Every structure is written in structure tokens, then in C-alpha cells.
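Read through the structure below, which is laid out as C-alpha cells, and then see the notes.
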Amino acid sequence: MGDSGVAFSSGPLWKELRMTTLQILRKFGRGSSSLAEKIQEEVNCFVNKLAEQKGEVIDLQHYTHVSVSNVICSIILGKRFSYEDSRFKSTVESLTRIAENARGAAAINFLPFLKYLPGDMFQAKKIQRNWANVKDMIVEIISEMIPDTADTQSTTESAPNYISFYRRRQQEKVKKGKRTYLDDENLKKSVIDLFGAGTETVSSTIAWCVLFILHSTDVQKKVHAELDREVGQERQPTMEDQARLPYLGAVIKETQRLASIVPFSLLHKTSEEIAIHDFVIPKGTTVIPNLDSVLHDPKIWGYDADRFNPGRFLDKDGSLLQREEFLPFSIGPRLCVGEAMAKVELFIFTSSMFQRFEILATETLNPPSLKPNIGITSVPESFRVLCRERFKDNLSPQNV
Ligand code: HEM
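What follows is the structure, encoded as C-alpha cells:
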């Protein structure tokens, strides 16, 4: 545990940062410029960008990275970036490099002394350099924003973003003479944590979804059929459609289960001595929660636990099942703070993408590899696909 920011702090500091972060994210769940609407706007740009590629071979992860990063930017910083913005492009590029080098660095997460070996055998230095680039951009933007947001009069309810809301909370507490951990250092660290935790996870889940579908027969056809029947092609899917699309819901859940995006959660530390069955874990012990073992356990999911089978999340009537062993966002008080937001993103991204495109492997008989790069997150190897517009005449970018 570190001593600042929402993801790596503990004790009262963490409690206040987590509560503030949850309140802000909930606030985005409501109102006219709600989270879902912001995500829909970004996904609209995403599908239009894919359409511009005119069915050519593309690196889909590049586009998901850019769009998912932009969702976080619009929530946290209150602005999105054009796909051509050089500062933004370089940040997204760094995120991609971090993911590519993650596998080597996984060992260092669990055996930190390895980072002192000469050279860069585990790619940790490359990752650090790329993270430094991501952090520089965030800090630069926050510094540009802080003079504006410091003036509580100028930050109105109608233009909310994480930073302005946090600053307002901070100043209210200071004015009332309340003790608070909401300082600028914790703001910067929390924004970096949200950016780090909220981009690779969602982007990789979308990429895994496409990969699993390319390796399965009929799943894409069923997703298309459900979308055509329940939404049609005249409008973009919205959150109101979610209940009518159980098959897509099952595809998303099965993707999250099988891909096990954060296989070992984040490191935890026991705050007091604890006994589990015959084991006593002393206070201050680092604990690695093995979510992967639950998500892939044949005793829970059956003999085919390692196979992509959305049907395991559907009952006999085709309704979506909630299963308590499905815990890709972890459990307990440190459960992912972005769970609700991630679920909206996954639904809007996948529904809009499959509504408009048929996604094809470059070699039908040889779909891209399912080998994961396991670091903190499980990221697919870079792959190329073709996104063919399904209803080119009905669904032009203007009328989506
Ligand atoms: C599919 C997407 C996602 C998955 C699978 C995921 C999964 C996780 C997991 C397993 C943890 C560790 C929980 C623990 O320590 O027990 C976590 C923590 C966290 N996640 Fe996510 N996450 C996702 C998306 C997001 C998004 C979109 C955001 C930001 C809005 C986010 C922000 C965070 C933060 C800040 C923490 C630390 C929470 C704390 O320590 O209190 N995550 N996430």
C-alpha cells in the first residue's frame, strides 16, 4: 500500500478518497449529461472511426484504447481529445506499450526485489518510462485546470467533472474547518489511479470479447440476431435496451469470466491478525486474492470451465443469470470503484460495435491467438481484424 491516491492507500485516507470517488461517479450516473450519455457520445465516435477504415485490416485494440481513455478523460477531466491530438496519441501509445510489456513485469509485482537486477530483463524500466509519460500528461492537464476549478463560484453543477467536484468538496471541508485528506496531491494520485485502473481493463475486455467470438461458431450471429430484433438499425443502443439483450449480457459476462482481466486483483494487506480455517495470517501480511481460481474453477463452472460458453449465464428461458461466483470486480470493501461505470461501458461499446459491424478474422481458419499477456491485467496479444459494415445503406454515421 502506498500513502496517497484511492487505489494504493489505506485507513482513513483511503476511506475518504473512496467515498468521495464513489459519490462523484454516482453523480455522473444521474442528470442530463449522465455517464451513459457521455459513453454513448464517445462510442459514436468509435464506431464512426471504425467505419472510416472501410473494412480494411485494422488493429482494433488501438481504437478501443483511444475511446476508452477518452471516456475516462471526459468524466475526470471534463474533456475528450481528438483522435489526432498528439499529446493524447502519445499517452495512448504509452498505455499500449505498458500492456505489451506487462507479461515480463508480472514477476516484479510479486517479487519486487527482481527490479534491482541489472538491465531490464522484466521490462519494468520500459513500463516505468511509459507510465511516467501517462502521468506527465495527466499532471499537466490537472495543473492547467486547477486555477479554474479552485474558484468554487466558477464551477457549476451543470459542467461536472471529477476534478471540479473533488475541489469543491475539498474547499467546503476546509471552509467548515473539518479535517480532510482531500488535498491536491491526493487529487493527482487518484486521477492517475482512475486512469490506470479504468482504461486497460475495459479496453482489454472488449478486445477479449472480439477474440473469443472469432474463435466460436454462431456467437456473433446470435448477437447480431438479438440486436436486429430488439434494437434494429435505426438508432444506437442505449442502457434502456440492456434488459432486452440477455444474450449479449451473457457474452459480456462470459468474456469477463474467461478472460479474468485482473487475475490476482490488487495486493491487499491484513490490518489485523486473522484466522482462516487452520491458518493464522499475521497483521501486516501481503495477501494476493486469486480471483482467477474462482473464475475458472471447474467445481463452479463445470468441466468446460476453460471454454467460451455464454450459455452458462442463461437460464432455460434465455434470461440472464446472476451468479455469485462471478467476481471479476473482486469482493469486499475494496471492490472495484469503477464497476458500475465499467458495466455501462462494456454494454454500450459491444452493443454499438456489433449492431453496426461484422467482425472477421484476417484468416478465417486461423483466428488470432488467445495467449494472454499477464501483468496486473490480462491483455490479449496485439491482433488484426476486419470490421465490415452490416447495413451500410441504412446506418450511415450521420443517422446512428
Ligand atoms: C472491466 C473493467 C474492470 C475490472 C475487471 C476491474 C477490476 C478491478 C479489481 C479486481 C480491483 C481490485 C479490487 C480489490 O482490491 O479487491 C479494482 C480496483 C479498482 N478499480 Fe477497477 N476494474 C474495472 C474497471 C474500472 C474502471 C472503469 C475504473 C474507474 C472508473 C476502475 C477503478 C478502480 C479503482 C480506483 C480501484 C481501487 C479501489 C480501492 O482500492 O478502493 N476500475 N478493479
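Numbering (our numbering), first residue to last: 630 to 1029.
We put the CB at the ideal spot given by N, CA and C, even for glycine.
Computed from a prediction, not measured in an experiment: that's the story for all the values here.
Secondary structure at residue i, three-state DSSP: helix, strand or coil?
{"i": "I767", "result": "helix"}
{"i": "H844", "result": "coil"}
{"i": "R1045", "result": "Outside the displayed span of the chain (630 to 1029) sits residue 1045, for which this structure offers no information."}
{"i": "K1000", "result": "coil"}
{"i": "H694", "result": "helix"}
{"i": "E906", "result": "Checking the sequence, you will find His at residue 906 rather than Glu. In this structure, H906 counts as coil in the three-state DSSP scheme."}
{"i": "K678", "result": "helix"}
{"i": "T993", "result": "coil"}
{"i": "H925", "result": "coil"}
{"i": "C965", "result": "coil"}
{"i": "I1005", "result": "coil"}
{"i": "S633", "result": "coil"}
{"i": "V803", "result": "helix"}
{"i": "K912", "result": "coil"}
{"i": "L724", "result": "helix"}
{"i": "A941", "result": "Strictly speaking, residue 941 in this sequence is Arg, with Ala absent from that position. The answer is helix: DSSP assigns R941 an H, G or I state."}
Apart from the five residues on each side of it in sequence, which residues of its chain come closer than 8 Å, Cβ to Cβ, to residue i?
{"i": "E883", "result": "F841, F937, N938, P939, R941 and F942"}
{"i": "V909", "result": "E902 and I903"}
{"i": "F657", "result": "S663, L664, K667, I704, P789 and M970"}
{"i": "D812", "result": "Q799"}
Any idea if residue i is buried or exposed, counting beta-carbon neighbours within 10 angstroms, 16 or more meaning buried?
{"i": "E863", "result": "exposed"}
{"i": "N790", "result": "buried"}
{"i": "S889", "result": "buried"}
{"i": "I960", "result": "exposed"}
{"i": "R716", "result": "exposed"}
{"i": "Y932", "result": "exposed"}
{"i": "S894", "result": "buried"}
{"i": "V768", "result": "exposed"}
{"i": "L920", "result": "buried"}
Excluding the 5 residues preceding and the 5 following residue i in the sequence, name in chain order all residues of the same chain whose CB lies nearer than 6 Å to its CB.
{"i": "I653", "result": "Y791 and F794"}
{"i": "V697", "result": "T828, V831 and S832"}
{"i": "I929", "result": "E954"}
{"i": "R709", "result": "N699, C702 and S703"}
{"i": "K945", "result": "none"}
Can you list, in chain order, the residues of its chain with a C-beta nearer than 7 Å to that of residue i? Leave out the 5 residues immediately preceding and following it.
{"i": "V860", "result": "P866, D870 and Q984"}
{"i": "E855", "result": "L874, Y876 and L877"}
{"i": "T955", "result": "What sits at residue 955 in the sequence shown is Phe, not Thr. Answer for F955: K882 and R886, listed in chain order."}
Between residue i and residue j, how many whole angstroms is the CB-CB distance? I'm expecting something under 8 Å.
{"i": "N815", "j": "L646", "result": "6 Å"}
{"i": "A761", "j": "P1009", "result": "A761 to P1009, Cβ: 25 Å. No contact."}
- Query: Which ranges does the alpha helix (DSSP H) cover as unbroken runs of at least 4 residues, wholly within the stretch 791-835, from first to last along the chain?
  - Reply: Uninterrupted alpha helix (DSSP H) stretches at least 4 residues long and entirely within the stretch 791-835 occur at 791-804, given in chain order.
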